[in-house]
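Chains as they are written, first to last, in our numbering: chain V, 178 to 349; chain X, 17 to 105. Beta carbons are placed, not taken as given, at the ideal position from N, Cα and C, and that holds for glycine. Take a look at the structure set out below.
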Amino acid sequence: MEIRALRQTDDRTQFRSGDPDLDRFFQRFAAQNQYRHYIGATYVAEDAGRILAFATVAPGHMEIEALPAAARRGLARYPLPVLRLARLAVDRPAQRQGLGGQLLRFVLRLAERMADDYGCAGVVVDAKPGVEPFYANYGFVGLEAVEGQAEARPRPTPMFLGMRAIKAAAKR
Amino acid sequence: MDKETQISALVSRTTRELLERRVRATGVKKGHLVEQALQHYLVALEHLPADVIVHPRLVVTRKSGERVLRQLRSGKPTKALRALMRDGD
Chain V
178 MEIRALRQTD
188 DRTQFRSGDP
198 DLDRFFQRFA
208 AQNQYRHYIG
218 ATYVAEDAGR
228 ILAFATVAPG
238 HMEIEALPAA
248 ARRGLARYPL
258 PVLRLARLAV
268 DRPAQRQGLG
278 GQLLRFVLRL
288 AERMADDYGC
298 AGVVVDAKPG
308 VEPFYANYGF
318 VGLEAVEGQA
328 EARPRPTPMF
338 LGMRAIKAAA
348 KR
Chain X
17 MDKETQISAL
27 VSRTTRELLE
37 RRVRATGVKK
47 GHLVEQALQH
57 YLVALEHLPA
67 DVIVHPRLVV
77 TRKSGERVLR
87 QLRSGKPTKA
97 LRALMRDGD
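Printed below as a string of C-alpha cells:
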C-alpha cells in the first residue's frame, strides 16, 4: 500500500465510503480542486491500482475573535497558519483496517514539514458528526467557528491539534 | 449569434413531459429552453459548489481561541497520538 498524491488518471468511480457527500467530492471535484483551481491537494492510499482511501488538505489560517492583548502575550499578532484536513474517507471494503489512522499520520507529517519549511501552528480538521471521538483520541480539541466553517451539511465541527503535540509525538 | 445546428438525444418519457409542460406554461421555444438548460449545466460543471470549497480563513470564538493557545503553549501528545506517529517508523 502506498500513500501518494492523487493523479488525474486515477479511477475514482468505484470509490464508495458510505458517505455520499465524501464520495461525490472525491469522484467529481477532487481532481478539479487540485489540478485546475489549485485550492487543495488530495492524497490517496492505493494498493495494486485500487484506491482505498483519500484525504484532502488545504492551507489556511486561524484567527481568534476579539482576543485581548494580555492573552496574546508571546504570540505573533497575525493569524496562525494551519493545515486544514478537509476530508478523509475510506472505501467500504477497506474500512476498519487502520487506513484512516495511516492517512491521518501522513497529514500530520505534511503539517510538520510545512512547519519546518514555512510555518504551521497545527492541523484543523473538519470532523463530520460522529467522528469527533476519533480525532479527540489523538488530542484534537473542538472549536466554535464564527467564520470560515465548512459549508457541508450536516455541519462538521472544526477541531485543532497544535504543532507542539505533533512534534513531541513524532520525537523518538 | 452562433449559427444554429441540430442535436438529437434520447430522453426519458418523464423528462419529455416536464419539458413540454414547461414550454407550454412559459411560451418559450423548446430549442431555446434546451439550450439554456444545457448551458447552465455546462457552466455549473466548471464551478466548484460552495460545499466543496475549504475556506482558508477560520475565525474562532474567544473561548475556542483560549483552547488553541493552551495547545500551542503546552500541548502534550496523547498516548494514541504517540502510538500513531511512531507506528509508521
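What in chain V is Cβ-close to residue i, meaning under 7 Å?
{"i": "L58/X", "result": "Correct list: empty, because the minimum Cβ distance to chain V is about 14 Å."}
{"i": "L97/X", "result": "Y315, G316, A342 and A346"}
{"i": "T94/X", "result": "N314, Y315 and G316"}
Out of curiosity, what's the CA-to-CA distance linking residue i and residue j?
{"i": "I89/X", "j": "G278/V", "result": "Rather than Ile, the amino acid found at residue 89/X in this sequence is Arg. Rounded to the nearest angstrom, the two C-alpha atoms are 25 Å apart."}
{"i": "V323/V", "j": "D268/V", "result": "33 Å"}
{"i": "G339/V", "j": "F192/V", "result": "32 Å"}
{"i": "T219/V", "j": "M291/V", "result": "16 Å"}
{"i": "A345/V", "j": "I69/X", "result": "32 Å"}
{"i": "V221/V", "j": "L276/V", "result": "10 Å"}
{"i": "G307/V", "j": "L49/X", "result": "44 Å"}
{"i": "D303/V", "j": "R184/V", "result": "24 Å"}
{"i": "V76/X", "j": "Y255/V", "result": "14 Å"}
{"i": "G195/V", "j": "V84/X", "result": "32 Å"}
{"i": "E33/X", "j": "H63/X", "result": "29 Å"}
{"i": "A60/X", "j": "F206/V", "result": "12 Å"}
{"i": "A225/V", "j": "A235/V", "result": "27 Å"}
{"i": "R86/X", "j": "P331/V", "result": "29 Å"}
{"i": "L229/V", "j": "A271/V", "result": "6 Å"}
{"i": "P310/V", "j": "Y57/X", "result": "39 Å"}
{"i": "Y312/V", "j": "V27/X", "result": "47 Å"}
{"i": "G299/V", "j": "R102/X", "result": "18 Å"}
{"i": "A368/V", "j": "R98/X", "result": "Examination of residue 368/V is not possible in this model, given that chain V is present from 178 through 349 alone."}
{"i": "L199/V", "j": "M178/V", "result": "21 Å"}
{"i": "I343/V", "j": "G237/V", "result": "18 Å"}
{"i": "V39/X", "j": "P197/V", "result": "34 Å"}
{"i": "A293/V", "j": "F202/V", "result": "The sequence shown places Asp at residue 293/V, rather than the Ala named in the question. So the alpha carbons of these two residues sit roughly 30 Å apart."}
Below 8 Å between beta carbons: does that hold for residue i and residue j?
{"i": "L287/V", "j": "L265/V", "result": "no"}
{"i": "R78/X", "j": "E240/V", "result": "no"}
{"i": "R73/X", "j": "G325/V", "result": "yes"}
{"i": "R189/V", "j": "Q209/V", "result": "no"}
{"i": "L35/X", "j": "L281/V", "result": "no"}
{"i": "L257/V", "j": "A232/V", "result": "no"}
{"i": "T107/X", "j": "N314/V", "result": "Coverage of chain X is limited to positions 17 through 105, which leaves residue 107/X absent and any answer about it impossible."}
{"i": "D67/X", "j": "E328/V", "result": "yes"}
{"i": "P335/V", "j": "V284/V", "result": "no"}
{"i": "R181/V", "j": "E223/V", "result": "yes"}
{"i": "R341/V", "j": "G91/X", "result": "yes"}
Going along chain X, which residues have a C-beta under 9 Å from residue i?
{"i": "R367/V", "result": "With chain V covering 178 to 349 only, the question about residue 367/V has no answer from this structure."}
{"i": "R261/V", "result": "V70, H71, P72 and L74"}
{"i": "E328/V", "result": "P65, A66, D67, V68, I69 and H71"}
{"i": "A304/V", "result": "Chain X residues near A304/V: none, gap ~13 Å exceeds 9 Å."}
{"i": "L285/V", "result": "L97, L100 and M101"}
{"i": "V221/V", "result": "Within 9 Å Cβ-Cβ: nothing; V221/V doesn't reach chain X, min ~16 Å."}
Against chain A, does residue i count as a neighbour if the rule is that its beta carbon must be under 8 Å from one of theirs?
{"i": "V84/X", "result": "The structure shown contains no chain A; its protein chains are V and X."}
So which residues on chain X does residue i lean against when the C-beta distance must stay under 8 Å?
{"i": "G339/V", "result": "V84, Q87, L88 and G91"}
{"i": "F202/V", "result": "V68"}
{"i": "P236/V", "result": "P72"}
{"i": "E179/V", "result": "Neighbours of E179/V on chain X: none; closest Cβ ~13 Å, over 8 Å."}
{"i": "G226/V", "result": "Within 8 Å Cβ-Cβ: nothing; G226/V doesn't reach chain X, min ~22 Å."}
At a CB-CB cut-off below 9 Å, which residues of chain V make contact with residue i?
{"i": "G81/X", "result": "M239, E240, I241, E242, A243, L244, A248 and L320"}
{"i": "D103/X", "result": "G275, G278, Q279 and R282"}
Run down chain X in chain order and give the residues with a C-beta less than 7 Å from the C-beta of residue i.
{"i": "G195/V", "result": "Ordered by position in chain X, no residue passes the 7 Å Cβ test against G195/V, which lies about 18 Å from the chain."}
{"i": "A298/V", "result": "L88"}
{"i": "G325/V", "result": "H71, R73, L74 and V75"}
Is it the case that the CB of residue i approaches a heavy atom of the ligand GDP more closely than 7 Å?
{"i": "Q22/X", "result": "As presented, the structure is devoid of all ligands, the ligand GDP included, so that no description of it is given."}
Original post:
Quick one: any contact between the segment 36-54 of chain X and the segment 209-221 of chain V, if contact means 3 or more CB pairs under 8 Å?
Top reply: no
**OP:** Note down, one range per segment and in chain order, each beta strand (DSSP E) of at least 3 residues found wholly within the segment 312-345 of chain V.
**Re:** Counting only runs of 3+ residues, the beta strand (DSSP E) found wholly inside the segment 312-345 of chain V occupies 322-324 and 334-339, in chain order.
Subject >> Segment contact flag, the segment 80-97 of chain X with the segment 307-321 of chain V, C-beta cutoff 8 Å, min 3 pairs >> reply: yes
Subject >> Segments assigned alpha helix (DSSP H), at least 4 residues, entirely inside the segment 199-280 of chain V >> reply: The qualifying runs are 207-212.
**OP:** Can you check the segment 62-93 of chain X for any alpha helix (DSSP H) of at least 4 residues that lies completely inside it and give the ranges in chain order?
**Re:** 78-90
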